[in-house]
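So the structure is just underneath, and the comments pick up after that.
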Amino acid sequence: MKKTLAKKELVQRLGFGFLSLCIMITVFFLGLLIYFIAVRGIKVISWEFLTQAPRRFMTQGGVAPAIVGTFYLTLGAISLALPLGLACAIYLCEYSPKSSIVNIIRISINNLAGIPSVVFGLFGFAVFVKFFGFGVSILSGALTLGIMVLPGIISASQEAFLAVPQSFREASFALGATQWQTIKNIVIPSALPGILTGVILSIGRVAGETAPILFTAATFYIRGYPDSIFSEVMALPYHIYALMTEGTHPQEQTQIAYGCALILLVLVLLVSGIAIFIRQRKRSGYGH
């Protein structure tokens with residue numbers, strides 16, 4: 223008996239040790255990535271770099287239009303994907319009957335989440351740019367990015383809804399609440415931390431994608447800022463790509479590309495941090 227307990231304890235320690243090692247390796251490479259980008263990008267960061275447009279063949283000035291364009295595309299994509307994803311998850315988890323068709327829909331959503339982003343870019347180009355005639359614009363890019371992250375938001379929301387104990391619903395029904403009142407007042411608030419997790423991941427993916435906006439929204443250079451949803455737009459991911467592949471002054475443009483990468487990284491971490499803070503507040507408030 224003692225030998226069995228000792229063996230189980232050893233296996234447990236080995237398991238926790240392996241998990242700790244995996245976490246340490248992950249944190250190490252994450253820190254290395256941040257350090258690598260920060261050391262090379264901080265050299266060009268200045269107020270001028272953050273607030274002015276590029277000039278002199280992208281070797282001087284700043285990247286303000288690309289920052290604004292990235293914000294527009296991210297905001298547009300999440301504004302589309304979040305309500306649609308939430309509504310779809312509510313139907314699948316709370317209203318849909320248990321049937322083979324619903325299972326096929328769930329499998330299809332999971333498969334869509336694994337499709338390469340360049341495929342979504344070609345889809346957006348064919349449908350939004352050409353078929354609907356939106357052209358290369360903020361609207362086409364935001365719609366394409368929104369569809370790209372929609373499966374992830376649906377999946378995260380479904381998991382969050384399924385994690386809400388069934389007893390919560392039964393208690394609400396026992397008090398005379400309708401199904402929609404139960405979903406609105408009990409299920410969604412309880413599942414909100416999980417939903418926000420999906421939104422955080424989606425924001426990071428939308429802000430950093432290049433292939434979808436390459437065909438639908440991004441341009442190498444524009445004067446000033448976009449004035450409508452049908453305007454072309456500069457964006458940080460595509461700007462980095464263009465500087466590293468199409469630039470004619472590689473020494474100066476490579477430093478600018480690292481500066482853009484640092485700004486993009488800080489923006490994603492900042493937005494994610496705000497969402498994580500809101501998620502923790504919701505968890506704490508619900509716990510009390």
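In this note's numbering, the protein residues as written are 223 to 510.
Beta carbons: idealized from backbone N, C-alpha and C, even for Gly.
Computed from a predicted structure; not experimentally measured.
Residue i, enclosing alpha helix (DSSP H) - first and last residue
i	result
residue 392	388-396
residue 430	410-430
residue 400	No alpha helix (DSSP H) holds residue 400; DSSP gives it neither H nor E.
residue 467	458-468
residue 332	322-334
Whole-number beta carbon distance between residue j and residue i, since they are thought to touch under 8 Å
i	j	result
residue 363	residue 275	Between residue 275 and residue 363 the Cβ distance is about 19 Å, and since that is not below 8 Å, they are no contact.
residue 295	residue 284	Not quite, the Cβ-Cβ distance comes to about 19 Å (not below 8 Å), so this is no contact.
residue 529	residue 315	Since the first residue of the chain shown is 223 and the last is 510, residue 529 is not available in this structure.
residue 365	residue 346	7 Å
residue 303	residue 375	5 Å
residue 318	residue 324	5 Å
residue 379	residue 311	3 Å
residue 259	residue 480	7 Å
residue 267	residue 484	7 Å
residue 487	residue 478	Not a contact, Cβ separation roughly 15 Å.
residue 291	residue 455	4 Å
residue 436	residue 343	6 Å
Residues that residue i bridges to, as DSSP identifies them
i	result
residue 440	455
residue 282	277
Evaluate the contact criterion for the segment 419-429 versus the segment 357-377: three or more CB pairs, one atom per stretch, below 8 Å. yes
Does the structure place the segment 403-423 close enough to the segment 494-502 that three or more beta carbon pairs sit under 8 Å? Contact holds: three or more Cβ-Cβ distances are below 8 Å.
Taking only runs of the beta strand (DSSP E) that begin and end inside the segment 331-361, which ones reach a length of at least 3 residues, in chain order? Note on the segment 331-361: there is no whole beta strand (DSSP E) run with a minimum of 3 residues.
Take every Cβ of the segment 389-408, pair it with every Cβ of the segment 348-361, and state whether three or more of those distances are shorter than 8 Å. no
Are there three or more Cβ pairs, one per stretch, closer than 8 Å when the segment 385-395 is compared with the segment 452-470? no
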